[in-house]
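Engineer: To start, I am sharing the structure in question, which I have written as structure tokens.
2 protein chains.
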Amino acid sequence: MNKHLDALIEFLRIPSVSANPDHKEDVARAARWLEAKLSALGFQVEVVATPGHPIVYAERIVDPQAPTVLIYGHYDVQPPDPLELWHTPPFEPTLREGKLYARGASDDKGQIYAHIAAVEDLGPDLGVNVKFVIEGEEEISSAHLEPFVRSNAERLGADVLLISDGAMYAPGVPSLEYGLRGLVYMEVRLEGANRDLHSGVYGGAAPNPIHAAAWMIAKLKGEDGRILVPGFYDAVRELTEEERASLASLNFDAAAFASSIGAEALPGEPGWGALERTWVRPTLDVNGIWGGYQGEGSKTVIPAKAGFKFSMRLVPDQDPEAIQKAVTEYLQRIKPEGYRMEILYHGTGKPVVTELDSPYMRKAAQALEAAWGRKPVFTRSGGSIPIVANFQELLGIPVVLLGMGLNDDNLHSPNEKFDLVNYEKGIEASRNFLRLMSAP
Amino acid sequence: MNKHLDALIEFLRIPSVSANPDHKEDVARAARWLEAKLSALGFQVEVVATPGHPIVYAERIVDPQAPTVLIYGHYDVQPPDPLELWHTPPFEPTLREGKLYARGASDDKGQIYAHIAAVEDLGPDLGVNVKFVIEGEEEISSAHLEPFVRSNAERLGADVLLISDGAMYAPGVPSLEYGLRGLVYMEVRLEGANRDLHSGVYGGAAPNPIHAAAWMIAKLKGEDGRILVPGFYDAVRELTEEERASLASLNFDAAAFASSIGAEALPGEPGWGALERTWVRPTLDVNGIWGGYQGEGSKTVIPAKAGFKFSMRLVPDQDPEAIQKAVTEYLQRIKPEGYRMEILYHGTGKPVVTELDSPYMRKAAQALEAAWGRKPVFTRSGGSIPIVANFQELLGIPVVLLGMGLNDDNLHSPNEKFDLVNYEKGIEASRNFLRLMSAP
């Protein structure tokens, strides 16, 4: 175990922030680190260059007739900002009370490395072929993975795709996800005058793009939590009775959930509980906004420019392309007069629901039960792994989503962490699954 | 003239940005620079320490029986951001095509220095006592000037207060302002969860303070430009027939105004033209907004915090304290449930209308006519010099507002400038005014 912890710490020290061009070389270094690690385990490794960050593809074929497991993960991480809120630096992994703190610890370096560790533990005489696809652009919408999968569909051929990039339902409760939300990520940039203006001299006549942004955001999602883009909810699939029962059986505790994030309320779409709103209902959130003076004190300025980034989480059967088009048209319609608007597109991903009763799901459930001593629960996730839909479409194989993280892992926020027990059990579950796959 | 230009350039090199604590020593340096300059001209100078930036007070009493002119100005400047839009560095004054480019060139170092230059030109045998109050906190709401004026009312005694911190109606058109808008500047900080959250895992249930900010801003000012705070317009004084006639006589060209700022439209309060909306109607503008991810690309985050700064320009007889109270109550009412709110207060200033037909206004008109070869127009300004109301109240003397700048001087935005012809005519008009004041 110490060996696997040391390796993960080394991996986490590389600040492979894919969103920030200043970290381009660090991202490349993380790819080379994986290449060295997997080569040492007897894999054929290729670091595939893309117009963005490289994809690490590795395979170890022990017997062309043996079953093959394809494992997907990503080695890029979210930006660590705001830095001042980290208790220890994001790229100096630190152990505290059984948890490893570092950007990427849970999302997704810890989870992908758990499978590499399992492969290492089992040795080469496994009787299962293993393939890894580990990308460097998951946090920036995986733009170059889909073309790679498309043009390498045969090479990636496998019996099952195993992905660990999610969370367990609760601490100590092994979980298998069977649904993921899709994603549309867009950005609106607004311009009024051609320069910043004195708010006294011009106030009352000059266009103010901050107000335009606020009016538009208020028209994207109402204060009651309902998304106001026409047709947005049209394609949302109704829940089956089974799904309703499965959701109810989890006895979700909304008050504990609110308290776990320090929130006084859990606002959202009327008529649905917080669990439904994060798992089975679509949503829209502004992820960033800017304009004018942000420093200390006051500045009497009407800014020339303002903008905001926002994303929608989609559920079956919403089509990301159709939603993106509808939102674009709606933005053009609600943009107030007197403002120049630019719309940027930061990627889309399809929502996914996987088969609940495939033989692979059963093996995964068995592997988890053996590791944790209790049966797993079946969950959906509010998050998106857009590439899952692509894999399903292009490779036509079943997907097993075996999340090892926890919801309080602080993904995408300061003090991200990974519980060591989850790392250990994750490695054990992965070993169990690979062994079960090799059984006749 | 060269001597006065060199001196102003030296003054402008000092980055006396009052809003930024990093520039505290530079602000102090600008005060000492004025102290040295005025001492050399035979003034008794005191650099008065305050809890913020110092006030420079200077007086030269040639004869206790002679008329006294009190001149007010400020030596602090706006922050220069965004730096990348300056064609030449903000604190390296540069001459191009008859204009001097630098932060503070027009607002207010050029205008206050024009009076110092006039005093220097006229020499000590003027027959008029001159007093200067030059503060270092005008751009951050003049918090410490009012107590200074209050406790030094006798020492500041004068026949007239002369202020140059505004703009002429148009190039070549000398102007006397008789009205200024008041100001209330506030800030709202909102918090939802206690940390940034993954927008997939939590989207649909987590509070998002950016949306809360947008909803609140949309409720402060509607898309039709009307301010929605209850009672906001109640105390607004109707225009007199004379004022309407005077406004109409200026033949304001809204299309040229829009084109001068590169705006496609001049949105604002319904029922009023752009000139009225900037001069005689109150307004509200968000001056800055922030929250979430502002970098390149995308980050799927729901931020814990967001906020915005906003200011209102007031007209007679709106009372800043009453407006601030009404807005505070309104904010508490419109804040959506589930968010913690903090309200910050960045200062207030009363609106002012000065006497149009005082003997001092007549002398000022004469002084301007002699310098420019044409009669001045009487204007109002959308801007605020909050301290004018305090001076009026505490000293009980008439105020003359003799603006030397132009509306395209880029106050508070990149590439601020001061036309040399305005500097030269400003010095000449100041000399004329002081001479007229000394005449029996």
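In the order they appear, the protein sequences are chains A and B.
Here the first sequence is numbered in full-length UniProt numbering, starting from 1 and rising by one per residue.
Here the second sequence is numbered in full-length UniProt numbering, starting from 1 and rising by one per residue.
Using N, Cα and C, we set each Cβ at its ideal position, and we do this for glycine too.
1. Residues of chain A with a CB under 7 angstroms from the CB of S384 (chain B): which are they?
2. List, in order along the chain, the chain A residues whose C-beta lies closer than 9 angstroms to that of I14 (chain B)?
3. Against Q78 (chain B), what residues of chain A qualify as contacts under a CB-to-CB distance less than 7 angstroms, listed in chain order?
4. Starting from Y185 (chain A), trace the beta strand (DSSP E) in both directions and tell me its first and last residue.
5. Against chain A, with Cβ distances strictly below 7 angstroms, would Y75 (chain B) count as a contact?
6. Cα separation between A36 (chain A) and V47 (chain A)?
7. Listed from N- to C-terminal order along the chain, which residues in the stretch 331–354 of chain A have their beta-carbon within a distance smaller than 8 angstroms of any beta-carbon of chain B?
8. Would you call the CB atoms of Y113 (chain B) and L8 (chain B) closer than 7 angstroms?
9. Buried or exposed for M1 (chain A), please, with buried defined as at least 16 other CB atoms from any protein chain shown within 10 angstroms of its CB.
10. Just to make sure I have the definition right: I need the residues of chain B whose C-beta is within less than 7 angstroms of the C-beta of Q294 (chain A). Which are they?
11. Check the Cβ of H4 (chain A) against every Cβ in chain B and list those closer than 9 angstroms, keeping chain order.
12. In the DSSP assignment, find the alpha helix (DSSP H) that holds H4 (chain B) and state where it starts and stops.
13. Rounded to whole angstroms, what is the Cα-Cα separation between P79 (chain A) and N20 (chain A)?
14. Classify N415 (chain B) as helix, strand or coil using the three-state DSSP reduction.
15. Mind checking whether R60 (chain A) and V130 (chain A) have CB atoms under 7 angstroms apart?
16. Name the two residues that bound the continuous beta strand (DSSP E) containing G426 (chain A).
17. Is the CB of I61 (chain B) under 7 angstroms away from at least one CB in chain A?
18. Applying a beta-carbon distance threshold of less than 8 angstroms, which residues of chain B neighbour H23 (chain A)?
19. Nearest-angstrom Cα distance between N422 (chain B) and V119 (chain B)?
20. Secondary structure at Q294 (chain B), three-state DSSP: helix, strand or coil?
21. Apart from the five residues just before and just after I163 (chain B), which ones in its own chain have a Cβ nearer than 6 angstroms to its Cβ?
22. Taking CB distances under 7 angstroms as the criterion, tell me whether G271 (chain B) reaches chain A.
23. Can you give me the C-alpha to C-alpha distance between I385 (chain A) and E191 (chain B), rounded to a whole angstrom?
24. For H115 (chain A), go through chain B and note every residue whose CB falls closer than 8 angstroms to its CB, in chain order.
25. Against chain E, does G192 (chain A) count as a neighbour if the rule is that its beta carbon must be under 7 angstroms from one of theirs?
26. Taking DSSP as the reference, what is the three-state secondary structure of D121 (chain A)?
27. With a 10 Å radius around its C-beta and 16 neighbouring C-beta atoms as the bar for buried, classify E355 (chain B) as buried or exposed.
28. Give the residues of chain B in contact with S141 (chain A), contact being defined as C-beta atoms less than 9 angstroms apart.
29. State yes or no: is the C-beta of P174 (chain B) within less than 7 angstroms of the C-beta of L368 (chain B)?
30. Do the CB positions of G200 (chain B) and G382 (chain A) come within less than 7 angstroms of each other?
31. Closer than 8 angstroms by C-beta to Y339 (chain A): which residues in its own chain qualify, once you throw out the five before and the five after it? Chain order, please.
32. Measure how close the beta-carbons of T278 (chain B) and M312 (chain B) come, nearest whole angstrom, since I'm counting them as under 8 angstroms.
33. Going by other Cβ atoms of all chains shown within 10 Å of its Cβ, with 16 needed for buried, is N287 (chain A) buried or exposed?
34. CB S430 (chain A) to CB L126 (chain A), shorter than 7 angstroms?
35. Candidates B:P82, B:P51, B:P64, B:G52: which alpha carbon is nearest G292 (chain A)'s?
36. Using only the alpha-carbon positions, how far apart do residue 449 (chain A) and Q392 (chain A) sit?
Structural biologist: Once the coordinates are examined:
1. One-based indexing of the second sequence puts residue 384 (chain B) at position 384. In chain order: G200.
2. Position 14 of the second sequence holds residue 14 (chain B). Residues of chain A whose Cβ lies closer than 9 angstroms to the Cβ of I14 (chain B) do not exist, since the nearest Cβ in that chain is about 19 angstroms away.
3. Residue 78 (chain B) sits at position 78 when you count from the first residue of the second sequence. Here the neighbours are K299.
4. By 1-based counting over the first sequence, the position of residue 185 (chain A) is 185. Judged by DSSP secondary structure, Y185 (chain A) falls within the beta strand (DSSP E) whose first and last residues are 182–191.
5. Here residue 75 (chain B) is taken as the residue at index 75 of the second sequence, counted from 1. Judged by the 7 angstroms Cβ criterion, Y75 (chain B) is not in contact with chain A.
6. Locating residue 36 (chain A) in the first sequence gives position 36, where the first residue counts as 1. Locating residue 47 (chain A) in the first sequence gives position 47, where the first residue counts as 1. The alpha-carbon atoms of A36 (chain A) and V47 (chain A) are separated by roughly 10 angstroms.
7. From the stretch 331–354 of chain A, only P336, E337, G338, Y339, R340, H346, G347 have a Cβ closer than 8 angstroms to chain B.
8. Taking the first residue of the second sequence as 1, we reach residue 113 (chain B) at position 113. Taking the first residue of the second sequence as 1, we reach residue 8 (chain B) at position 8. Taking a C-beta distance under 7 angstroms as the contact criterion, Y113 (chain B) and L8 (chain B) qualify as a contact pair.
9. Position 1 of the first sequence, counted from the first residue, corresponds to residue 1 (chain A). By the neighbour-count rule (16 or more Cβ atoms within 10 Å), M1 (chain A) is not buried but exposed.
10. For this step, residue 294 (chain A) is matched to residue 294 along the first sequence. What Q294 (chain A) touches in chain B: G288, W290.
11. Position 4 of the first sequence, counted from the first residue, corresponds to residue 4 (chain A). Those within 9 angstroms of H4 (chain A) in chain B number zero; the least Cβ separation is about 25 angstroms.
12. For the purposes of this step, residue 4 (chain B) is identified with residue 4 of the second sequence, where counting begins at 1. Unbroken alpha helix (DSSP H) run through H4 (chain B): 2–12.
13. Sequence index remark: in the first sequence, residue 79 (chain A) carries index 79 (1-based). Sequence index remark: in the first sequence, residue 20 (chain A) carries index 20 (1-based). For P79 (chain A) and N20 (chain A), the distance between alpha carbons rounds to 7 angstroms.
14. As a working mapping, residue 415 (chain B) is identified with position 415 in the second sequence. Coil.
15. Here residue 60 (chain A) refers to the residue found at position 60 of the first sequence. Here residue 130 (chain A) refers to the residue found at position 130 of the first sequence. With respect to V130 (chain A), R60 (chain A) sits close: the two C-beta atoms are nearer than 7 angstroms.
16. Looking up residue 426 (chain A) in the first sequence gives position 426. According to the DSSP assignment, G426 (chain A) belongs to no beta strand (DSSP E) but to the alpha helix (DSSP H) extending over 420–438.
17. On the second sequence, residue 61 (chain B) is found 61 positions in, with the first residue counted as 1. No, no contact with chain A.
18. As a first step, residue 23 (chain A) is located in the first sequence; it is residue number 23 there, counting from the start. Ordered by position in chain B, no residue passes the 8 angstroms Cβ test against H23 (chain A), which lies about 11 angstroms from the chain.
19. Start at 1 with the first residue of the second sequence, and residue 422 (chain B) comes out as number 422. Start at 1 with the first residue of the second sequence, and residue 119 (chain B) comes out as number 119. When rounded, the separation of the alpha-carbon atoms in N422 (chain B) and V119 (chain B) is 17 angstroms.
20. Sequence index remark: in the second sequence, residue 294 (chain B) carries index 294 (1-based). If DSSP states are grouped into helix, strand and coil, Q294 (chain B) belongs with coil.
21. As a position in the second sequence, residue 163 (chain B) is number 163, starting the count at 1. Spatial neighbours of I163 (chain B) in its own chain (CB-CB distance under 6 angstroms, excluding positions within 5 residues in sequence) are listed in chain order as Y72, L401.
22. The residue given as residue 271 (chain B) occupies position 271 in the second sequence. Cβ-Cβ to chain A under 7 angstroms: no for G271 (chain B).
23. Along the first sequence, one-based indexing puts residue 385 (chain A) at 385. Along the second sequence, one-based indexing puts residue 191 (chain B) at 191. Taking the straight line from one Cα to the other gives about 28 angstroms.
24. The sequence position of residue 115 (chain A) within the first sequence is 115, counting from 1. Neighbours of H115 (chain A) on chain B: none; closest Cβ ~22 angstroms, over 8 angstroms.
25. Included in the structure are the protein chains A and B, with no chain E among them.
26. For the purposes of this step, residue 121 (chain A) is identified with residue 121 of the first sequence, where counting begins at 1. In the structure shown, D121 (chain A) adopts helical secondary structure according to DSSP, grouped into three states.
27. Sequence index remark: in the second sequence, residue 355 (chain B) carries index 355 (1-based). It is exposed - the Cβ of E355 (chain B) has fewer than 16 other Cβ atoms within 10 Å.
28. Locating residue 141 (chain A) in the first sequence gives position 141, where the first residue counts as 1. What S141 (chain A) touches in chain B: G297, S298.
29. Residue mapping note: residue 174 (chain B) aligns to position 174 of the second sequence, counting from 1. Residue mapping note: residue 368 (chain B) aligns to position 368 of the second sequence, counting from 1. The Cβ atoms of P174 (chain B) and L368 (chain B) sit closer than 7 angstroms to each other.
30. The count along the second sequence starts at 1 and reaches residue 200 (chain B) at position 200. The count along the first sequence starts at 1 and reaches residue 382 (chain A) at position 382. Yes. Within cutoff.
31. Working through the first sequence from its first residue, we reach residue 339 (chain A) at position 339. Within the same chain, Y339 (chain A) has close Cβ partners L190, E191, G192, P207, P209, A212.
32. For the purposes of this step, residue 278 (chain B) is taken as residue 278 along the second sequence, with counting starting at 1. For the purposes of this step, residue 312 (chain B) is taken as residue 312 along the second sequence, with counting starting at 1. By a beta-carbon distance limit of 8 angstroms, T278 (chain B) does not contact M312 (chain B). Their separation comes to about 14 angstroms.
33. Within the first sequence, the letter at position 287 stands for residue 287 (chain A). Looking at its Cβ environment, which holds 16 or more other Cβ atoms inside 10 Å, N287 (chain A) is buried.
34. The count along the first sequence starts at 1 and reaches residue 430 (chain A) at position 430. The count along the first sequence starts at 1 and reaches residue 126 (chain A) at position 126. Their beta carbons are not under 7 angstroms apart, which means S430 (chain A) does not touch L126 (chain A) by this criterion.
35. For the purposes of this step, residue 292 (chain A) is taken as the residue at position 292 of the first sequence. Minimum Cα-Cα distance from G292 (chain A) among the listed residues B:P82, B:P51, B:P64, B:G52 corresponds to B:P82.
36. In the structure as shown, chain A starts at 1 and stops at 440, and residue 449 (chain A) therefore has no counterpart that could be examined.
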